[in-house]
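Quick note on the numbering used here: the sequence shown kicks off at 213 and runs consecutively.
Notes to accompany the following structure.
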Amino acid sequence: MKMRCFARERLEQNGYVLGAFVASGSPMNCECLAINGMDFIIIDAEHAQTDTETLVEMSRASELYEMSAFVRVYDPDDYTMMSRLLDVGIHGIMVPMVESREQADKIIHYIKYPPLGMRGANGGRGPRWGKIENYQQQANENLYTIMQCESQKGVANIEEICQTPGLDCVFIGTADLSQDYGKPASDPEVQAAIQTVLDACNKYGIVPGIVTGTAEAAAAKVKQGFKLVTCMNDQVFFRQESEKRLQAVKDLIAK
């Protein structure tokens, strides 16, 4: 049995992939996004309430239609959490607020098997209960490693971070980045920082990723050169679209 990372495959085929943050903890939302052709989701375990058992069902629902499910952890130093999430079959890990090469090396050490890291062997859902042959080697080659650049310090050290062996993607969290600069994301200084990260990724062969919230913004970032782009958050999308629908009904009634 061969291990697959659907987002990695589509990235190689198409040059970019589109995804969504899923904060709702809903396997049904994951399945709907997969049916629609989303390339990947990032299950938010940093700011949302999703537990491990629900996360397994979200992963299964995603895999039904060949969509990769990644998970964003909440603690860059929580080896146990990262290892456990990979053990249950997630396609990759996103780690927030990475600010140095030393920190990046430690994360790789946590999530890779020897000789690249310290992840412990297991016989659970990740290796499909022993069905995946040479799982440790396949996991080291296929599981996706995403580190977020969300601070001025991270931007300052981005070239060193991008040279970390085993790193696949640097993903810009524009909200935290602009918050750290104390300026809106549209400010020239923040935009220059974003370009600095993009340039470093291109220089060292790292996939550049970024968060967006609209179709227009997502398309613009792909055209700018970003290759792993989120275009929605399922909870925010539901609130916005349900508000529009409700107002549309009220407007029609008032006519």
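Cβ coordinates follow ideal geometry from the N, Cα and C atoms, glycine included.
By the Cβ criterion, the region 269 to 284 is in contact with the region 301 to 312, since at least three pairs of Cβ atoms, one from each stretch, lie closer than 8 Å.
In this structure ILE358 does not touch CYS374 by the C-beta definition: roughly 13 Å separates them, more than the 8 Å allowed. The C-alpha of LEU379 is placed about 18 Å away from the C-alpha of VAL423.
In the three-state reduction of the DSSP assignment, ASP263 falls in the coil class.
Put simply, the region 340 to 355 does not touch the region 392 to 401. Fewer than three CB pairs are less than 8 Å apart. By the CB criterion at 7 Å, GLN364 and ASP392 fall inside the cutoff. Boundaries of the alpha helix (DSSP H) harbouring VAL461: 446 to 466, taken from the DSSP string. Secondary structure in the region 258 to 309: the beta strand (DSSP E) runs of 3 residues or longer, each lying completely within the stretch, are 280 to 284, 304 to 307 in chain order. DSSP lists GLN360, GLY421 as the beta-bridge partner residues of PHE383. Within the same chain, VAL300, GLY301 come within 6 Å of ARG337 by CB-CB distance, once the 5 residues on both sides are set aside.
For the pair of segments examined, the region 239 to 256 was found not to touch the region 458 to 467: the number of CB pairs separated by less than 8 Å stays below three. Of the residues ALA387, PHE282, VAL409, the one whose Cα lies closest to the Cα of ALA257 is PHE282. Under the three-state reduction of DSSP, LEU328 is assigned to coil, being neither helix nor strand. Cβ atoms of ALA232 and THR442 come within 8 Å of each other, at about 6 Å.
With 16 or more other Cβ atoms inside 10 Å of its own Cβ, ASP446 counts as buried. Distance from the Cα of LYS439 is smallest, within the candidate group HIS321, GLU221, ILE323, VAL402, for GLU221. A direct Cα-Cα distance of roughly 29 Å separates TYR291 from MET240.
For ALA405, the number of other beta carbons within 10 angstroms of its own is at least 16, and it is reported as buried. The residues ILE422, THR424, VAL441, in chain order, have a CB closer than 7 Å to that of LYS433 in the same chain once the five nearest residues on each side in sequence are set aside. With respect to the 7 Å criterion, ARG284 and MET306 are classified as neighbours on the basis of their beta carbons. The residues MET250, ASP251, ALA430, VAL441, CYS443, in chain order, have a CB closer than 7 Å to that of LEU230 in the same chain once the five nearest residues on each side in sequence are set aside. One Cα belongs to GLU371, the other to LEU458, and the distance between them is close to 48 Å. Nearest C-alpha to SER238 among VAL402, GLY227, GLN261: GLN261.
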